[in-house]
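The structure appears below as structure tokens.
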Amino acid sequence: MNGPSIQKPEIEFTDNIRDRNRYGRLWVYIFRFSTIIGIIALATLLFNIINQSSGYVVYEAKGDPAALTLDGVPIEEQTKDQLMRVLSSHLSKGAYSKLDRTKPFAERSRNDVYDLVVERIVKYEVVDSWLLWDSLTRKDEITAAVEEEYPEALLRFDVWINSDFLRRPQSSNPVIAGVRTAVLGSLWTIGITILFAFPLGVMAAIYLTEYAGDSWANRIIQTNINNLAGVPSIIYGILGLAIFVRALEPLTSGTLFGVTDPTSANGRTILSAGLTLGLLVLPLIIINAQEAIRAVPNSLRHAGYGLGATKWQTVWSHVLPNAIPGILTGTILAISRAIGETAPLVVIGASTVIYFDPEGPFSKFTTLPIQIYQWTSRPQDEFRFLAAAAILVLLALLLTLNAVAVLLRNRYSRRY
Amino acid sequence: MEQIALGYPKSRNGLKRRFRVGENAILALLFISGVFSIFTTIGIVYELGKEALLFFRTPNVDLWSFLSGTQWQPHIDKFGILPLFTSTLITSLFAMLIAAPLGMGAAIYLSEYASEKVRGFLKPILEILAGIPTIVYGYFALTFMTPLLRTIFGRDVVEIYNTASAGLVMGILILPMIASMAEDALSAVPNALREAAYGLGGTKLEVALKVVVPAAISGIAAAFIVGISRAIGETMIVAVAAGAGPNFTFNPFKGAETMTGHIVRISGGDLSYDSIDYNSIFAIGLMLFFVTLTLNLISQQVVRRFREVYE
Chain A
1 MNGPSIQKPE IEFTDNIRDR NRYGRLWVYI FRFSTIIGII ALATLLFNII NQSSGYVVYE
61 AKGDPAALTL DGVPIEEQTK DQLMRVLSSH LSKGAYSKLD RTKPFAERSR NDVYDLVVER
121 IVKYEVVDSW LLWDSLTRKD EITAAVEEEY PEALLRFDVW INSDFLRRPQ SSNPVIAGVR
181 TAVLGSLWTI GITILFAFPL GVMAAIYLTE YAGDSWANRI IQTNINNLAG VPSIIYGILG
241 LAIFVRALEP LTSGTLFGVT DPTSANGRTI LSAGLTLGLL VLPLIIINAQ EAIRAVPNSL
301 RHAGYGLGAT KWQTVWSHVL PNAIPGILTG TILAISRAIG ETAPLVVIGA STVIYFDPEG
361 PFSKFTTLPI QIYQWTSRPQ DEFRFLAAAA ILVLLALLLT LNAVAVLLRN RYSRRY
Chain P
1 MEQIALGYPK SRNGLKRRFR VGENAILALL FISGVFSIFT TIGIVYELGK EALLFFRTPN
61 VDLWSFLSGT QWQPHIDKFG ILPLFTSTLI TSLFAMLIAA PLGMGAAIYL SEYASEKVRG
121 FLKPILEILA GIPTIVYGYF ALTFMTPLLR TIFGRDVVEI YNTASAGLVM GILILPMIAS
181 MAEDALSAVP NALREAAYGL GGTKLEVALK VVVPAAISGI AAAFIVGISR AIGETMIVAV
241 AAGAGPNFTF NPFKGAETMT GHIVRISGGD LSYDSIDYNS IFAIGLMLFF VTLTLNLISQ
301 QVVRRFREVY E
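Line by line, the protein sequences give chains A and P. According to our numbering, the first sequence is numbered sequentially starting from 1. According to our numbering, the second sequence is numbered sequentially starting from 1.
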């Protein structure tokens, strides 16, 4: 009874840890949710594109394909000569010889001529179409509806991305349009971008990491590169328009080299596009290459100097061989950014309609993203489907490039 | 050229450094490559400035009416940038509404909560999301987001081309960028701080929000600013989904052209040199360049000035 009396603490101690933990758990869900949004977005985006890239399509022919049967052979099975006879008998003489002038028939393949027959005489037109999801889940409804509404028409399940799509050039008719011109244009442009930006970027990175001291001039160069990496891509487009397309027109249009281009691209050529994209990715390549070069341990350099090698000999035979996998990885990542770039090329004047393959750096050009942009901006559904198919081609290209980059990194990365 | 000499041992003990022609030629080549990027910047500023000056010299155009005019109608000589600027602001605002909280949440989750395995799965997904070309996002905005908004809010309210749809999709594009930059900042906070906070009885959430986030606030702020700069310069999403034609409106469900969208549309056709349209895109470009450059410089300053340095 007389034991030491326990003094009550003046501040009431409340056990609130349970509430705090509950509160904490609630927030974990919020954090996790915001991360998962990214996955949902990616999944939705892919689903949306795949959904539009195939499905049922109803075609109606303006001309009657059955009437074109020659010697009892339907047009699908005719030879090139037969197809040419069909073509000449159904087209006006002027139209026929115009086709021959743009590209002689002797040079065209059988499939080219077949495409011409379909385009000029049969004239299939899309009258109705469904998305992939609907085509799979409501197949019966669709067939019934088509039989009722368009009894004459041809209902076909079309996968818009197929070998024909990859092989055919662009066309204003969605039924026979393809991406060959655009893919070739992209490859040409990227080729020039690499030739221009890769050596320049690597040399700049070598200078900045190996040679440049900590002077104010070098700090300005470094800050400048970091800032250039953040300049919106469209600004590079404007720069390219002013410099490559306009000021350097004799060079970029090829007149300086005696190239007389009948398409008269006026400097809006593959060369201008490649150089513009080169300027765009140059800072990225420099920054990535610098990181790769910095990762080479100093002991290697010292070993080189110790053996009496000069600065450049050390860089060339010790530093670069060890940094090259990292440099290549960084370059590939920068290049994949350039492949997807659209805005600067629109600004420097990518041609929207080209039906023939680019023949060299002085041709007019179109690229895959430009083609997607152009198809997307059209109101008809068919062009949206084509755009979806072209997007799949573009994504496949980028995925391949990135896979190569990851492989390079895993295969050749060394730890010291 | 002090820095050049650094690589060589200074001549001492009467030993003379040999002049090597090859070495110096290579050095000169490397130096020119290093300086090349300066030329790019000079080129940008010079060309944008020159043509923009021509633009402001034309009659009926002056700087004040350019900055404060609410009408952009080249055919009646009205060049007020506000309609283009407000729609740029609206799309960027929508983008940040999505990207800032979600990117922040994702960064905290990845850095503080996720196990090594989960992070190894989630980070590549975010990287893929960041690597998808913006034209694909434009397509996504037009064929998915816009129909979705139209079903939710009604077809009379939401136009086919609208700034909200473009802004929301832009948010998805910027989200991984903010998440990855903010995560880097959070991961750089030393563990000792976390352990100290646990030792004082903090729960995981309290440690994350009251200790780690404040410690990394400079990096997070920089991530947000770079995100805004990216949103302002973003082009293809707005060119596809936000509509053509300048429109002075604050209604996000109406179509309105942004600064970047306008440049793309005007230059998409065959643009004749020295026309007022040609000069005007340089003026808009100059404004775009300065806004994004300022934001980028601010973000670098924020990192430098307010970074907490730990041992």
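No residue lacks a Cβ here, since even glycine has one placed at the ideal position from N, Cα and C.
Check your understanding: So P/P133 and A/G178 are in contact, right, with Cβ under 8 Å, and what is the actual spacing, rounded?
Key -> Actually they are not in contact, since the Cβ atoms of P/P133 and A/G178 sit about 20 Å apart, beyond 8 Å.
**Study point:** CB contact below 8 Å: A/K364 versus chain D
**Key:** Looking for chain D here will not work: the only protein chains present are A and P.
Check your understanding: Of the residues that make up the stretch 308 to 335 of chain A, which ones have a beta carbon closer than 7 Å to any beta carbon in chain P?
Key -> T310, K311 and W312
Exercise for review: State yes or no: is the C-beta of P/L129 within less than 8 Å of the C-beta of P/R119?
Suggested key: no
Exercise for review: For chain P, find out if any of its Cβ atoms is closer than 8 Å to the Cβ of A/T35; answer yes or no.
Suggested key: yes
Review point. Which value, in whole angstroms, describes the spacing of the CA atoms of P/L102 and A/L46?
Key: 20 Å
Review point. Listed in chain order, which residues of the stretch 181 to 200 of chain P have Cβ atoms closer than 7 Å to some Cβ of chain A?
Key: none
**Study point:** Amino acids of chain A, ordered along the chain, whose beta-carbon sits closer than 8 Å to that of P/L293
**Key:** Against chain A, the beta carbon of P/L293 has neighbours under 8 Å at N227, G230 and V231, listed in chain order.
Review point. Taking Cβ-Cβ distances shorter than 9 Å, what residues in chain A pair up with P/E23?
Key: T310, K311, W312 and Q313
**Study point:** A/G274 and A/I192 closer than 8 Å at C-beta
**Key:** yes
Point to revise | DSSP bridge partner residues for P/S272 (one or two, in chain order) | key: DSSP output for P/S272 lists no bridge partner at all.
Review point. Would DSSP call P/Q73 helix, strand or coil?
Key: DSSP places P/Q73 in strand when its eight states are reduced to three.
Check your understanding: Three-state secondary structure (DSSP) at A/V146?
Key -> helix
Practice item. Verify the CB distance criterion: does P/N279 have a CB-CB separation below 8 Å to chain A? Key: no
**Study point:** Sub-8 Å separation of A/Y211 and P/L29 beta-carbons
**Key:** Not in contact: A/Y211 and P/L29 (Cβ atoms no closer than 8 Å).
Check your understanding: What is the residue span of the beta strand (DSSP E) that A/F157 lies within?
Key -> L154 to V159
Check your understanding: Which partner residues of P/K78 appear in the DSSP bridge assignment?
Key -> P/Q73
Practice item. Would you verify that the beta carbon of A/Q380 is, or is not, closer than 8 Å to some beta carbon of chain P? Key: no
Exercise for review: Hey, could you find the ends of the alpha helix (DSSP H) A/P55 is sitting in?
Suggested key: Note that residue 55 of chain A is Gly in the sequence shown here, rather than Pro. Not the alpha helix (DSSP H): A/G55 falls in the beta strand (DSSP E), residues S54 to A61.
Check your understanding: Using the C-alpha atoms, what's the distance from A/L345 back to P/L271?
Key -> Their backbone Cα atoms lie some 14 Å apart in a straight line.
Point to revise | For A/I39 and A/H90, believed in contact at Cβ under 8 Å, the rounded distance | key: Not quite, the Cβ-Cβ distance comes to about 54 Å (not below 8 Å), so this is no contact.
**Study point:** Under 8 Å between C-beta atoms of A/V281 and A/A323
**Key:** No, the pair does not count as a contact, with Cβ atoms beyond the cut-off.
Check your understanding: Is the stretch 363 to 379 of chain A close to the stretch 293 to 312 of chain A, with three or more CB pairs under 8 Å?
Key -> no
Check your understanding: So, helix, strand or coil for A/D214, using DSSP?
Key -> coil
Check your understanding: Under 8 Å Cβ-Cβ, which residues of chain A neighbour P/G233?
Key -> Chain A residues near P/G233: V231, P232, S233, I234 and I235.
Review point. Looking at C-alpha atoms only, which residue of A/Y56, A/D158, A/V319 and A/T331 is the closest neighbour of A/R409?
Key: Taking only the C-alpha atoms, the option nearest A/R409 is A/T331.
Check your understanding: For P/H75, is the classification buried or exposed, using 16 other Cβ atoms within 10 angstroms of its Cβ as the cut-off for buried?
Key -> Counting Cβ neighbours within 10 Å, P/H75 comes out exposed, since fewer than 16 surround it.
Check your understanding: So what's P/D277 in DSSP terms, helix, strand or just coil?
Key -> helix
Review point. Taking Cβ positions only, does A/P297 come closer than 8 Å to chain P?
Key: no
Point to revise | Candidates P/R307, P/D62, P/L84 and P/R230, of which the one nearest P/G243 by Cα | key: P/L84
Review point. Taking 8 Å as the CB-CB limit, is A/F385 close to chain P?
Key: no
Point to revise | Whole-angstrom distance between P/A100 and A/L26, CA atom to CA atom | key: 20 Å
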